[in-house]
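Trainee: Using this note's numbering, the first residue of the sequence shown is number 13, and each one after it goes up by one.
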Amino acid sequence: PSALDNRPLQEYEFWSRVPQALLVSATPGALEYHLARPSIPQDVTRVRVTVGSSVRVELDSHWKLAKVLSATNTSIRVRNGRTLATIPINSPKVLLQTEEGGLPGGGKGVVELLTRPTGILDPEVIVRPTKAQMDDLLAEIFSRISRGERALVVALTRVMAERLSAFLNHRGVKAIWMHCDVKPIQRLRILAALRRGVFDCVVGVNLLREGLDLPEVSFVAIMDADKEGFLRSEQSLIQIIGRAARHVNGTVVMYADAITGSMTAAMKETGRRRRIQESANRKLGHVPKPLLKKASRNVLLDTLNEKDEGKQTKDEKDDGKQTKHSENFRDISKGPRSSGAKLYGFKDREAAQRTIKHVEENKPERSRS
Numbered sequence: 013p014s015a016l017d018n019r020p021l022q023e024y025e026f027w028s029r030v031p032q033a034l035l036v037s038a039t040p041g042a043l044e045y046h047l048a049r050p051s052i053p054q055d056v057t058r059v060r061v062t063v064g065s066s067v068r069v070e071l072d073s074h075w076k077l078a079k080v081l082s083a084t085n086t087s088i089r090v091r092n093g094r095t096l097a098t099i100p101i102n103s104p105k106v107l108l109q110t111e112e113g114g115l116p117g118g119g120k121g122v123v124e125l126l127t128r129p130t131g132i133l134d135p136e137v138i139v140r141p142t143k144a145q146m147d148d149l150l151a152e153i154f155s156r157i158s159r160g161e162r163a164l165v166v167a168l169t170r171v172m173a174e175r176l177s178a179f180l181n182h183r184g185v186k187a188i189w190m191h192c193d194v195k196p197i198q199r200l201r202i203l204a205a206l207r208r209g210v211f212d213c214v215v216g217v218n219l220l221r222e223g224l225d226l227p228e229v230s231f232v233a234i235m236d237a238d239k240e241g242f243l244r245s246e247q248s249l250i251q252i253i254g255r256a257a258r259h260v261n262g263t264v265v266m267y268a269d270a271i272t273g274s275m276t277a278a279m280k281e282t283g284r285r286r287r288i289q290e291s292a293n294r295k296l297g298h299v300p301k302p303l304l305k306k307a308s309r310n311v312l313l314d315t316l317n318e319k320d321e322g323k324q325t326k327d328e329k330d331d332g333k334q335t336k337h338s339e340n341f342r343d344i345s346k347g348p349r350s351s352g353a354k355l356y357g358f359k360d361r362e363a364a365q366r367t368i369k370h371v372e373e374n375k376p377e378r379s380r381s
């Protein structure tokens with residue numbers, strides 16, 4: 013839908029026209045919780061909208077932090093710089109914070125699916141100092157290799173990923189790096205090789221964050237976990253931690269010299285999920301079992317491999333034809349009875365030699381680039 017003045021709808025305009033929506037996310041953010049809440053709680057004293065507190069509101073088509081000047085059961089009056097606004101408390105233009113720091117939600121509008129049929133818990137999260145982190149990382153990886161398990165290492169930059177991969181290979185770990193410079197098809201091949209055991213460890217930046225089906229991975233290392241930013245935000249850390257949540261021995265180690273707010277929030281959320289999963293396992297009598305899942309054949313990779321093999325065979329044939337063609341062409345200079353002269357129809361030796369000379373003189377120069 014579009015507005016009367018032929019422009020796309022703004023966010024609040026769009027959502028105000030959506031009667032129903034199903035939002036699915038492994039790491040829902042503030043906006044998802046805000047949209048999923050069925051209504052503002054009647055007891056508004058539980059919502060931190062007291063005078064002087066801060067809320068996120070949409071002003072001039074941008075989300076901004078504003079100070080609450082006054083609050084009633086139905087609306088709030090806020091100030092952002094010189095901008096004053098009165099907004100209904102249940103408007104999509106305002107995100108309210110609870111006393112615990114989160115948003116109203118988690119009630120009838122939010123359904124959490126935290127338990128797994130295998131009973132596997134979310135991984136244990138450990139924070140270790142950066143001093144001697146390389147020795148500690150090697151010890152953890154070799155421990156996993158001895159048990160036939162795999163490891164992921166998440167670096168902060170592409171250069172760091174490449175250098176760390178080279179360091180691990182130098183120390184005897186079959187490691188490979190993967191970042192945005194690797195083509196998507198090659199990424200699939202790398203991950204498939206990791207599952208088959210061709211590699212012990214994959215070092216990446218942002219591509220190892222979410223959406224990977226790697227049941228063999230039992231260890232995830234997060235380098236520079238205390239460097240606050242998008243790659244080390246609460247949601248990013250929760251997504252990275254989830255890469256070790258498919259193994260019974262799943263462990264995540266954050267290497268950091270300080271504990272940031274994002275690290276605290278991610279560990280708190282992971283601990284909350286673990287407690288819920290442990291309680292469910294005790295209640296149902298489940299014992300965590302390893303996920304024995306063979307690396308299924310990827311139809312896309314099989315098709316691409318077949319094409320590559322066919323292309324290689326065709327190139328080899330073309331090379332063979334070109335070599336044979338060159339040999340026959342050279343052979344015509346030996347005389348009208350040579351195999352090359354017979355093949356190309358030359359009966360006069362001098363004519364064959366003139367043809368060779370003309371071809372050699374007019375041969376295009378190869379580009380040096």
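Idealized CB from N, CA, C, for every residue including glycine.
What you are looking at is a predicted structure, and each value in this text was computed from that prediction instead of being measured.
Taking just the CA atoms, how far does I132 sit from P40?
Mentor: Here residue 40 corresponds to residue number 28 of the sequence shown, with the count starting at 1. Here residue 132 corresponds to residue number 120 of the sequence shown, with the count starting at 1. Straight-line Cα distance between these residues: approximately 21 Å.
Trainee: Using only the alpha-carbon positions, how far apart do G93 and G64 sit?
Mentor: If you number the sequence shown from 1, residue 93 lands on position 81. If you number the sequence shown from 1, residue 64 lands on position 52. If I take the Cα positions, the gap works out to 14 Å.
Trainee: According to the Cβ coordinates, are T84 and A268 closer than 8 Å?
Mentor: Start at 1 with the first residue of the sequence shown, and residue 84 comes out as number 72. Start at 1 with the first residue of the sequence shown, and residue 268 comes out as number 256. Not in contact: T84 and A268 (Cβ atoms no closer than 8 Å).
Trainee: What is the residue span of the beta strand (DSSP E) that A233 lies within?
Mentor: Residue 233 sits at position 221 when you count from the first residue of the sequence shown. Here the beta strand (DSSP E) through A233 covers 229-234.
Trainee: Excluding the 5 residues preceding and the 5 following V232 in the sequence, name in chain order all residues of the same chain whose CB lies nearer than 6 Å to its CB.
Mentor: By one-based count along the sequence shown, residue 232 stands at place 220. Result list for V232: L164, R255, A256, V264, in chain order.
Trainee: Taking only the alpha-carbon atoms, compute the straight-line gap between N181 and L96 and give it to the nearest angstrom.
Mentor: Position 169 of the sequence shown, counted from the start, is the residue given in the question as residue 181. Position 84 of the sequence shown, counted from the start, is the residue given in the question as residue 96. Answer to the nearest angstrom: the Cα atoms are 60 Å apart.
Trainee: Please state whether DSSP places T98 in a helix, a strand or coil.
Mentor: Working through the sequence shown from its first residue, we reach residue 98 at position 86. Here T98 sits in strand by DSSP.
Trainee: Can you name, in chain order, every residue of its own chain whose Cβ lies under 8 Å from the Cβ of C192, other than the five neighbours on each side?
Mentor: Numbered from its first residue, the sequence shown carries residue 192 at position 180. Closer than 8 Å at Cβ, skipping near neighbours: R170, V217, N218, L219.
Trainee: Which term fits G283, buried or exposed, when burial requires 16 or more other beta carbons within 10 angstroms of its beta carbon?
Mentor: Your numbering for residue 283 matches position 271 in the sequence shown. Under this definition G283 is an exposed residue.
Trainee: Span of the alpha helix (DSSP H) holding A204?
Mentor: Mapped onto the sequence shown, residue 204 falls at position 192. Per DSSP, A204 belongs to the alpha helix (DSSP H) from 196-208.
Trainee: Just how far apart, CA to CA, sit A204 and R286?
Mentor: In the sequence shown, the residue the question calls residue 204 occupies position 192. In the sequence shown, the residue the question calls residue 286 occupies position 274. Answer to the nearest angstrom: the Cα atoms are 29 Å apart.
Trainee: Looking at L168: is its Cβ nearer than 8 Å to the Cβ of D225?
Mentor: As a first step, residue 168 must be located in the sequence shown, where it is residue number 156. As a first step, residue 225 must be located in the sequence shown, where it is residue number 213. Not a contact, by the Cβ cut-off of 8 Å.
Trainee: Of the residues V215, I197, M279, which one's Cα is nearest the Cα of V139?
Mentor: What you label residue 139 is simply residue 127 of the sequence shown in a count that begins at 1. Closest option to V139, Cα to Cα, is M279.
Trainee: Suppose you measure from the CA of P129 to the CA of L149; what does that come to, to the nearest Å?
Mentor: Counting from 1 along the sequence shown, the entry for residue 129 is found at position 117. Counting from 1 along the sequence shown, the entry for residue 149 is found at position 137. So the alpha carbons of these two residues sit roughly 31 Å apart.
Trainee: Where does the unbroken beta strand (DSSP E) through E136 begin, and where does it stop?
Mentor: Start at 1 with the first residue of the sequence shown, and residue 136 comes out as number 124. Where E136 is concerned, the enclosing beta strand (DSSP E) stretches over 136-140.
Trainee: Tell me whether the beta-carbon of R91 lies closer than 8 Å to the beta-carbon of S82.
Mentor: Stepping through the sequence shown from its first residue, residue 91 is reached at position 79. Stepping through the sequence shown from its first residue, residue 82 is reached at position 70. No, they are not a contact pair.
Trainee: Buried or exposed for R244, please, with buried defined as at least 16 other CB atoms from any protein chain shown within 10 angstroms of its CB.
Mentor: Along the sequence shown, read from residue 1 onward, the residue named residue 244 stands at position 232. With 16 or more Cβ atoms within 10 Å of its Cβ, R244 is classed as buried.
Trainee: Please work out which residues of its chain come closer than 7 Å, Cβ to Cβ, to D330, disregarding the five sequence neighbours upstream and downstream, and give them in chain order.
Mentor: Counting from 1 along the sequence shown, the entry for residue 330 is found at position 318. Reliability of the predicted coordinates at D330 is poor, the pLDDT of 49 falling under 50, and the value obtained from them is presented with this limitation in mind. Excluding residues within five positions, none has a Cβ falling inside 7 Å.
Trainee: Do you know how far the Cα of V260 is from the Cα of H298?
Mentor: Here residue 298 corresponds to residue number 286 of the sequence shown, with the count starting at 1. Here residue 260 corresponds to residue number 248 of the sequence shown, with the count starting at 1. Approximately 13 Å between the Cα atoms of the pair.
Trainee: Can you find the residues in the same chain that come closer than 6 Å, C-beta to C-beta, to V185, ignoring five residues on each side of it along the sequence?
Mentor: The residue you call residue 185 lines up with position 173 of the sequence shown. Only I153, D212, C213 meet the Cβ criterion.
Trainee: Report all residues from its chain with a CB closer than 7 Å to the CB of E112; omit the five preceding and five following residues, and keep chain order.
Mentor: Position 100 of the sequence shown, counting from 1, holds the residue named residue 112. Confidence is the limiting factor: at E112 the pLDDT is only 38, short of 50, which leaves the residue's position unreliable and the question unanswerable from this model.
Trainee: At the level of alpha carbons, what is the spacing between D147 and F179?
Mentor: Within the sequence shown, the letter at position 135 stands for residue 147. Within the sequence shown, the letter at position 167 stands for residue 179. Cα to Cα, D147 sits roughly 11 Å from F179.
Trainee: Which class does T169 belong to by DSSP, given the choice of helix, strand or coil?
Mentor: Here residue 169 refers to the residue found at position 157 of the sequence shown. Correct three-state label for T169: coil.
Trainee: For V229 and R162, which I take to be in contact (beta-carbon distance under 8 Å), what is that distance rounded to the nearest angstrom?
Mentor: Position 217 of the sequence shown, counting from 1, holds the residue named residue 229. Position 150 of the sequence shown, counting from 1, holds the residue named residue 162. Indeed, because the Cβ distance is near 5 Å, the residues count as touching under 8 Å.
Trainee: Pull up the distance between the alpha-carbon of V210 and that of V80, whole angstroms please.
Mentor: Reading the sequence shown from its first residue, position 198 is the one you call residue 210. Reading the sequence shown from its first residue, position 68 is the one you call residue 80. Taking the straight line from one Cα to the other gives about 58 Å.
Trainee: So, under 8 Å CB-CB, E281 and I250 are touching, yes? Tell me the CB distance rounded to an integer number of Å.
Mentor: Start at 1 with the first residue of the sequence shown, and residue 281 comes out as number 269. Start at 1 with the first residue of the sequence shown, and residue 250 comes out as number 238. Indeed they touch by this definition, with Cβ atoms about 6 Å apart.
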